[in-house]
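As numbered in our numbering, residues 7 to 260 make up the sequence shown, in order.
All C-beta atoms, glycine included, are put in the ideal place defined by N, C-alpha and C.
Heads up, the thing below is written out as structure tokens.
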Amino acid sequence: MGRVIAISNQKGGVGKTTTAINLSASLAEKGKKVLVIDMDPQGNATSGLGIDKEKVEHTSYEILLGQTTIWEAMESSVCEGLTVIPSERGLAGAEIELIGTDNREFILKREVDKVKDSYDFIIIDCPPSLNTLTVNAMTTADTILVPIQCEYYALEGLSELLYTIELVKERLNEKLEIEGVVFTMYDARTCLSLQVVENVKENLHQNIYKTIIPRNIRLAEAPSYGQPINLYDSRSAGAEGYRSLADEVIERGN
């Protein structure tokens, strides 16, 4: 049975989607069968894995509204062994459209349960907010992976996220755990990055991955070419970082 990992942080610009794209691509590179579900209305994980958002027939939005099945929404990505459920802008209004729907927090879970046995990993890219879309992802997930940017306000808003995870665990998904925290955009040239890492380790009593993702220009360029970093520049520091993270994620599951 596949592991379902939701990648979430309501703070924008922390490398959440970059992590969703490149962790899933690195897992696929290691021979794992991976499904990525894009739950962010911006759809950056969709385009970052080489899928034209304007040409897809079905999306995660239609799954939530019951207009299509998870099987019908699947699209092949640029990576072998990696399938994507694309996103669209309509997701931004899904919260309002789902008002009054019975068990609306479990819509995604019901669909994912149908395909869970067919994949080693299912990675969900959450929107940068704590809304119905994120709650759907959390009720579906086994674990939450939290990317944290190495900057001064790294811990800001994190307590709110951890509170939401605890609330979901208490009321909707008792098996939910925190997969771990991964540091992103680490700049070895600054004392600040090092201080942030030390500060978070001291104050956050959660699993923290040994792998730290560096600030890397090739990582920033890759999405504009519709490729994950391991295809765009296989030898870059960013590619090596995400391969290392994938190894840790696999190991933690074992």
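Just curious, the beta strand (DSSP E) that Met-191 is in, first and last residue?
-> Locating residue 191 in the sequence shown gives position 185, where the first residue counts as 1. Where Met-191 is concerned, the enclosing beta strand (DSSP E) stretches over 183–192.
Whole-angstrom distance between Met-7 and Gly-19, CA atom to CA atom = Looking up residue 19 in the sequence shown gives position 13. Looking up residue 7 in the sequence shown gives position 1. Rounded to whole angstroms, Gly-19 to Met-7 spans 32 Å at the Cα level.
What residue range is occupied by the uninterrupted alpha helix (DSSP H) comprising Thr-24?
-> One-based indexing of the sequence shown puts residue 24 at position 18. Thr-24 -> alpha helix (DSSP H) spans 22–35.
Thr-74 by DSSP, collapsed to three states: which one?
-> Start at 1 with the first residue of the sequence shown, and residue 74 comes out as number 68. Thr-74: coil per DSSP, three-state reduction.
By Cβ distance, which residues of its chain are closer than 8 Å to Leu-210, with the 5 residues on each side in sequence left out?
-> Position 204 of the sequence shown, counted from the first residue, corresponds to residue 210. Here the set comprises Leu-161, Leu-164, Val-187.
May I ask which residues mark the beginning and end of the beta strand (DSSP E) holding Val-152?
-> What you label residue 152 is simply residue 146 of the sequence shown in a count that begins at 1. Taken as a continuous stretch (DSSP letters only), the beta strand (DSSP E) holding Val-152 covers 149–155.
Environment of Gly-54 [buried if 16+ CB atoms lie within 10 Å] | Within the sequence shown, residue 54 is the residue found at index 48, counting from 1. Buried, since its Cβ has 16 or more Cβ neighbours within 10 Å.
Under 8 Å between C-beta atoms of Ala-12 and Cys-197 = Counting from one through the sequence shown, the residue named residue 12 turns up at place 6. Counting from one through the sequence shown, the residue named residue 197 turns up at place 191. Their beta carbons are not under 8 Å apart, which means Ala-12 does not touch Cys-197 by this criterion.
For the alpha helix (DSSP H) holding Tyr-169, just list the boundary residues, first then last.
-> The sequence position of residue 169 within the sequence shown is 163, counting from 1. Where Tyr-169 is concerned, the enclosing alpha helix (DSSP H) stretches over 164–177.
In chain order, what residues of the same chain have a beta carbon less than 6 Å from the beta carbon of Ser-83, not counting five sequence neighbours either side?
-> For the purposes of this step, residue 83 is taken as residue 77 along the sequence shown, with counting starting at 1. Leu-55, Gly-56, Val-90, listed in sequence order.
Taking the runs of the alpha helix (DSSP H) that are 4 residues or longer, which of them lie wholly in the stretch 221–245?
-> 223–227, 235–238
Residues bridged to Arg-116 [DSSP beta-bridge criterion] = Here residue 116 is taken as the residue at index 110 of the sequence shown, counted from 1. According to DSSP, which records beta bridges pairwise, Arg-116 is partnered with nothing at all.
Say whether the stretch 25–42 touches the stretch 118–131, bearing in mind that this needs 3 or more beta-carbon pairs closer than 8 Å, one atom from each stretch.
-> yes
To the nearest angstrom, how far is it from the Cα of Asp-108 to the Cα of Arg-95?
-> Here the question's residue 108 lines up with position 102 in the sequence shown. Here the question's residue 95 lines up with position 89 in the sequence shown. The alpha-carbon atoms of Asp-108 and Arg-95 are separated by roughly 23 Å.
DSSP beta-bridge partners of Ile-105 | Residue mapping note: residue 105 aligns to position 99 of the sequence shown, counting from 1. DSSP, once it has assigned bridges, lists no residue as partnering Ile-105.
CB of Thr-25 to nearest heavy atom of the ligand COA: below 7 Å?
-> This structure simply doesn't include the ligand COA, nor any ligand for that matter.
Is the CB-CB distance between Glu-101 and Asn-137 below 8 Å?
-> Within the sequence shown, the letter at position 95 stands for residue 101. Within the sequence shown, the letter at position 131 stands for residue 137. Yes; because the gap between Cβ atoms is below 8 Å, this pair is in contact.
Short Cβ contact (8 Å threshold) for Ser-242 with Arg-224 = Within the sequence shown, the letter at position 236 stands for residue 242. Within the sequence shown, the letter at position 218 stands for residue 224. Contact: yes.
Helix, strand or coil at Lys-216 [DSSP, three-state] | Here residue 216 refers to the residue found at position 210 when the sequence shown is read from its first residue. Here Lys-216 sits in strand by DSSP.
Tell me whether the beta-carbon of Tyr-248 lies closer than 8 Å to the beta-carbon of Ile-219.
-> Taking the sequence shown and counting its residues from 1, the one referred to as residue 248 is at position 242. Taking the sequence shown and counting its residues from 1, the one referred to as residue 219 is at position 213. Contact flag set, yes.
Same chain, Cβ closer than 8 Å to Glu-117, neighbours up to 5 away in sequence not counted = Translated into positions along the sequence shown, residue 117 becomes position 111. If we look at Glu-117 and ignore the five residues flanking it on each side, its Cβ neighbours are Ile-69, Thr-75, Ile-76.
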